[in-house]
Amino acid sequence: MAKLLFAVFITAMIVSDPFQPLNIPEKEAQEYIFSDLADGKLDFPSSAALKKLAPEKRAETVRAIGAYIKKYTASPAFIKQYASSREAVRPKAPVNKEEALKAELAKLKVDIAEAEKDATKATPETRDIFKASINLLKEKQAAMQDPKHPSHDMYMVSITSMNEMTPEEYKAALQTFEKENPATVKSLLKVRLNAFLDLTSDIDFNTQLVQKGDHKIFADPQLEAKSYEWKLCFRSGKETVNAARAFAQEWLKELN
6 MAKLLFAVFI
16 TAMIVSDPFQ
26 PLNIPEKEAQ
36 EYIFSDLADG
46 KLDFPSSAAL
56 KKLAPEKRAE
66 TVRAIGAYIK
76 KYTASPAFIK
86 QYASSREAVR
96 PKAPVNKEEA
106 LKAELAKLKV
116 DIAEAEKDAT
126 KATPETRDIF
136 KASINLLKEK
146 QAAMQDPKHP
156 SHDMYMVSIT
166 SMNEMTPEEY
176 KAALQTFEKE
186 NPATVKSLLK
196 VRLNAFLDLT
206 SDIDFNTQLV
216 QKGDHKIFAD
226 PQLEAKSYEW
236 KLCFRSGKET
246 VNAARAFAQE
256 WLKELN
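So the sequence shown is numbered by the numbering used here: it starts at 6 and just counts up by one.
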């Protein structure tokens, strides 16, 4: 997908303190970089320094960015954060109704016991409130234990509605998850780097632009229909993209 653009190669400036010239806190920049890599999107804070960067400085800047990103993605913090974020979006297996009912009844048993314990410490003013609460919990417990109870089905829906996928739907969702969320950071980087190389493989920086209102568009309708990310790469310039492609290719060699 086009939006898998490895944005950090073309949208930042880096020195010993990489984001100081951009007036961007390093932590904030890392958050943008992480989300770009993990989610396959293009999002990075803008800065006047980026627009003022001379063409002859762009290749050097790209290489510096690459070095920073390479170090950051190898850090334990990044690896741990990626693993956590990946698990957070993993599809949940279809709910087994019997297991869900068993778990809910076990929870109710604990809740009732705790409520009854707390009720022994109730004041005269709160005693009736505790009693009503305990009665409600016991009514729910009785309804869930009895399939013939009028409220049984309602409670069953409430505890199983979080995931109503069929086994087939779950299998398909899991396949999509594995494809869009590589298991390791190394695999993730390979996907994003290859996506960047694919995205920028056909950019002709000499293509004709024409004026339309207050901005320029591509004279070729097919190029004008290209993605936002592709156009961003075009606007970043030949020096930037060529340097980014060279860095991406070298990094891929190291990862393979």
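Every residue gets a Cβ at the ideal spot worked out from N, C-alpha and C, and that includes glycine. From a predicted model like this one, the values you see are computed outputs, not experimental measurements.
Can you name the residues that DSSP bridges to residue 39?
Sequence index remark: in the sequence shown, residue 39 carries index 34 (1-based). None; residue 39 has no bridge partner.
My parser needs the beta strand (DSSP E) runs of 3 or more residues fully inside the segment 175 to 218; what are they?
Runs of the beta strand (DSSP E) lying entirely within the segment 175 to 218 and spanning at least 3 residues, in chain order: 214 to 217.
Can you look up residue 84 in the DSSP assignment and give me helix, strand or coil?
As a position in the sequence shown, residue 84 is number 79, starting the count at 1. In the structure shown, residue 84 sits in a helix (DSSP, three-state: H, G or I).
Could you give the DSSP three-state label for residue 231: helix, strand or coil?
As a working mapping, residue 231 is identified with position 226 in the sequence shown. Under the three-state reduction of DSSP, residue 231 is assigned to coil, being neither helix nor strand.
Could you check where the alpha helix (DSSP H) with residue 154 kicks off and where it finishes?
What you label residue 154 is simply residue 149 of the sequence shown in a count that begins at 1. No alpha helix (DSSP H) holds residue 154; DSSP gives it neither H nor E.
By the three-class DSSP mapping on this structure, what secondary structure does residue 243 have?
By one-based count along the sequence shown, residue 243 stands at place 238. Here residue 243 sits in helix by DSSP.
Does the count of Cβ pairs from the segment 171 to 179 and the segment 89 to 101 closer than 8 angstroms reach three?
Touching, yes.
Close-in-space but distant-in-sequence residues of the same chain around residue 136 (CB under 8 angstroms, 5 per side omitted)
As a first step, residue 136 must be located in the sequence shown, where it is residue number 131. Annotation for residue 136: 124 place their beta carbon closer than 8 angstroms to its own, counting only its chain and skipping 5 residues before and after.
If I measure Cβ to Cβ from residue 6 and keep anything under 6 angstroms in the same chain, skipping five residues before and after, which residues do I get?
Here residue 6 refers to the residue found at position 1 when the sequence shown is read from its first residue. Confidence in residue 6 is poor, its pLDDT being 44 and thus under 50, which makes the residue's placement unreliable; the coordinate value appears in the next sentence. So no residue of the chain qualifies.
Quick check on DSSP: helix, strand or coil for residue 107?
Numbered from 1 along the sequence shown, position 102 holds the residue referred to as residue 107. Assignment of residue 107 by DSSP, reduced to helix, strand and coil, places it in the helix class.
Using the Cα positions of residue 36 and residue 46, report the straight-line distance between them to the nearest angstrom.
Stepping through the sequence shown from its first residue, residue 36 is reached at position 31. Stepping through the sequence shown from its first residue, residue 46 is reached at position 41. Cα to Cα, the separation comes out at about 13 angstroms.
Output the distance between the C-alpha atoms of residue 181 and residue 113, rounded to the nearest integer angstrom.
Here residue 181 corresponds to residue number 176 of the sequence shown, with the count starting at 1. Here residue 113 corresponds to residue number 108 of the sequence shown, with the count starting at 1. Across the structure, residue 181 and residue 113 are spaced so that their CA atoms are roughly 36 angstroms apart.
Return the CA-CA distance between residue 78 and residue 156, expressed in angstroms with no decimal places.
Taking the sequence shown and counting its residues from 1, one reaches residue 78 at position 73. Taking the sequence shown and counting its residues from 1, one reaches residue 156 at position 151. Per the coordinates, the alpha-carbon of residue 78 lies some 52 angstroms from the alpha-carbon of residue 156.
Mind checking whether residue 120 and residue 138 have CB atoms under 7 angstroms apart?
Taking the first residue of the sequence shown as 1, we reach residue 120 at position 115. Taking the first residue of the sequence shown as 1, we reach residue 138 at position 133. One thing to note: residue 120 has its Cβ within 7 angstroms of the Cβ of residue 138.
Where do the ends of the alpha helix (DSSP H) carrying residue 222 lie?
In the sequence shown, residue 222 corresponds to position 217, counting from 1. Segment 220 to 223 is the beta strand (DSSP E) holding residue 222; no alpha helix (DSSP H) there.
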